[in-house]
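A short write-up of the structure that comes next.
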Amino acid sequence: MNISALDAVQRLEGFDEAMSAIVREWNAPGLGVSIVAGNLPPIVKTYGYRDFESKTPIDSKTLFPIASNTKLFVAIAAGLLVEEGKLTYDGPLRDAVPTLRLFSDDLTRSVSLRDLLAHRTGITRHEALAMGSTLSFQQIFERLHLLKPVTGLREKFIYNNVMYFAVGHVIELLSGQTWNDFVRERILEPCGMADTSFSLSDLVGNERLAVPFNERRDSSELHRLNWALMDKPLRPSGGMISTLDDMSRWVATLLHDGRVDGVQVIPETVIRETSLAAMPLPNVMPEAYGWSESLNPAYGLGRQSEVYRGHLVQSHGGDARGFHSQVSVMPSEQIGVCVFSIGDHCTTLRDAVSYQVYERLLGLNLTPWSARLRELVKSAKQAASYAYKCRDKDKVEGTRPTHHMGWYAGEFRHEAYGNMSIQLREGGLRLQFRGGDLPLKHYHYDVFEAKSDDPEDDARWLINFHLGSLEHAESFDTQVAENVARFELASPPAEDDHSNAVGRYESSDGVVLEVTSRGDGSLWLSAPGQSAARLTRVERGRFAIDKSPDSALNLVDEGETGCYLESTVGSARFRYRKQ
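Position one of the sequence shown corresponds to residue -7 (the numbering used here), numbered consecutively onward.
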């Protein structure tokens, strides 16, 4: 199907007005659309703002995180190595990469490059292995054997970003280049995509970089996101940043089977291999909502396919916090669309816009996708707000920790995810993981909660401690993505020298208490007429009776200024000074 420039203009008549109305209805901070039709120059349309706060308009050169639309670049990069005979799509990957080691010998022997790229390894996401991690690709690759499958190989589609890190490492092993240098040299430069890059943190301060804004949980007010830029190592699962101009070139390259200005820069076989169905996907639209326009989706390599109103569409979405994109093509009709939207409440807006472009250019009646998807978004927002308000419904009020705060502190380790540090500072616990530092507060029993002070941030950790020795916890469980992970104590907090605390203590009315030290370094308190009680470190220089977490008797070691015992009875406080 060849669309002339006149046809394109006529068929897109009213599109600007429709998009402006959609932006208002969705409360979208910014929206960008690039349309490629045959050999016509790209049509780029932008609405709203790159930076909603400063009211700086979005344009064709706005730098935008494309998130998982990075995956097709990685799949094609791996395909170039297949063309060179260094890899195969369907043979055992271990033949090309002998260092590959997965959870079982059978899986290691059988898994292929296509399995990793098509999300059909049977392994769940394990986001914490790679996202926000400082592990190198090799270190991530070496930990793949720790990831236990939940289903058999090729039995089920399970989206897995970690496997794209693994493919990134394979590209580096077999090409001798970093994956991003390989992609830049072999794909971006031949396609003329000079404005596409790999490190978001390197672009901070760039006046062209899009700024993320979201609606607040319980209102339509837009607020700027305080987003962390953790993209080291560079993420082959979704770390690339591009522009509408550059993505227009990419869409044209896909439509023309790897040709740019008549020159074959990517082998046609590689382009087509990525679009072959490798794993069926659920028919969500007709089965869940009765909408039959989109049928029979399937995932290929870094993109998926569907039949839309009788026309084959190949596409992929990209989702990062505050940023959403979609790149799609109708290869037979030689039409392609790229959509950028800002705001998590506008995630599915990209679908509504893409479908409308195709329907207009094909001369089809318009499906009310915007109204349909907007209603789903409203319902989802209400459900999320309700879930947030109810998320503490299982909390048991009136419970207390079984130990003093110092007992829960230490360095804990998960063999795949690394270390999580729980520190006792200023009388409270702090959780440190991947650069985050959050207060860890008692939830109930021996469960503690860490969450952001940002009321719009839903993320939280629930840390369920397991009983250990008298001195410290031995492990804890916590939810990491979709998995419950157990972190084992790697090392307890360093103990102070408590020899200064040993001795006799006397109150102003002559009552004498004694603190002694035993061979294991533990401290014990003896009082007239009572058996000795062990003292447990609560925080630096402060102790309490171990078997009485709520004891009102504390030993305070002030170092050079001496020690004292302090007892609280009602509102009265008594001190025993060291003799």
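We put the CB at the ideal spot given by N, CA and C, even for glycine.
Problem - Complete beta strand (DSSP E) runs within the segment 433 to 515 (minimum length 3 residues, chain order) - result: 439 to 443, 452 to 458, 467 to 472, 475 to 483, 495 to 498 and 504 to 509
Exercise for the section: Determine, using beta carbons only, whether V28 and V243 come nearer to each other than 8 Å. Expected result: yes
Practice task
Within 10 angstroms of the Cβ of N172, are there 16 or more other Cβ atoms? Answer buried if so, exposed if not.
Solution key: buried
Exercise for the section: Please name the residue, chosen from W361, G24, D336 and N31, that lies closest to S212 on a Cα-to-Cα basis. Expected result: D336
Exercise for the section: Kindly identify the DSSP beta-bridge partner or partners of I233. Expected result: DSSP lists P57 and S189 as partners of I233.
Handout entry: Residue burial classification, C555 (beta-carbon count within 10 angstroms, cutoff 16)
Key = buried
Handout entry: Where S346 sits in the DSSP three-state scheme
Key = If DSSP states are grouped into helix, strand and coil, S346 belongs with the helices.
Exercise for the section: For my contact list, L195 and L55 are in at a C-beta cut-off of 8 Å; report their separation, rounded to the angstrom. Expected result: 6 Å
Exercise for the section: Give the DSSP bridge partners of D429, in chain order. Expected result: Q424
Handout entry: Distance between A493 and E558 (C-alpha atoms, nearest Å)
Key = 13 Å
Practice task
Return yes when the Cβ of S297 is within less than 8 Å of the Cβ of L287, no when it is not.
Solution key: no
Problem - Rounded separation between F585 and R422 - CA only - result: Nothing in the structure corresponds to residue 585, since the chain is present only between -7 and 571.
Exercise for the section: On a CA-only basis, which of S377, R383 and L432 is nearest A654? Give me that one, please. Expected result: An answer regarding residue 654 cannot be provided, because it is not within the stretch -7 to 571 covered by the chain.
Practice task
Please list, in chain order, all residues of the same chain as V89 whose beta carbon is under 7 Å from its beta carbon, the five residues on each side excluded.
Solution key: V162 and L165
Handout entry: Beta-carbon proximity of Y378 to T359, cut-off 8 Å
Key = Not a contact, by the Cβ cut-off of 8 Å.
Practice task
Report the three-state DSSP secondary structure of R565 (helix, strand or coil).
Solution key: strand
Exercise for the section: Take every Cβ of the segment 230 to 247, pair it with every Cβ of the segment 181 to 199, and state whether three or more of those distances are shorter than 8 Å. Expected result: yes
Practice task
Using the DSSP secondary-structure output, state which residues sit across from G328 in a beta bridge.
Solution key: V28 and V321
Practice task
From the DSSP output, in three-state form, read off I115 for me.
Solution key: In the three-state DSSP reduction, I115 falls in the strand class (E or B).
Problem - Selected residue, minimal CA-CA separation from R383, among Y151, R452 and V142 - result: R452
Problem - Straight-line gap, G511 to A525 (C-alpha atoms, nearest Å) - result: 15 Å
Practice task
Could you pull the start and end residues of the alpha helix (DSSP H) that R216 belongs to?
Solution key: Per DSSP, R216 belongs to no alpha helix (DSSP H); it is in the beta strand (DSSP E), L214 to R216.
Practice task
State the beta-bridge partners of H406 as determined by DSSP.
Solution key: G410
Exercise for the section: With a 10 Å radius around its C-beta and 16 neighbouring C-beta atoms as the bar for buried, classify K608 as buried or exposed. Expected result: There is no way to answer for residue 608, as the model of the chain reaches only from -7 to 571.
Problem - Limits of the unbroken alpha helix (DSSP H) element including S102 - result: D97 to S102
Exercise for the section: Helix, strand or coil for D173, going by three-state DSSP, please let me know. Expected result: helix
Handout entry: Rounded separation between A519 and F95 - CA only
Key = 57 Å
Exercise for the section: In angstroms with no decimal places, state the Cα-to-Cα distance between F205 and D43. Expected result: 8 Å
Handout entry: T126 classed as buried or exposed, judged by whether at least 16 other C-beta atoms fall within 10 angstroms
Key = exposed
Problem - Separation of T340 from G40, as counted between CA atoms - result: 17 Å
Handout entry: DSSP three-state assignment for V74, whether helix, strand or coil
Key = Looking at V74 - three-state DSSP - the assignment turns out to be helix.
Handout entry: Own chain, CB closer than 8 Å to K47, minus 5 neighbours either side, in chain order
Key = Y41
Handout entry: Where the alpha helix (DSSP H) through K385 begins and ends
Key = Element bounds for K385: n/a, residue is neither H nor E.
Exercise for the section: Say whether the segment 261 to 278 touches the segment 132 to 142, bearing in mind that this needs 3 or more beta-carbon pairs closer than 8 Å, one atom from each stretch. Expected result: no
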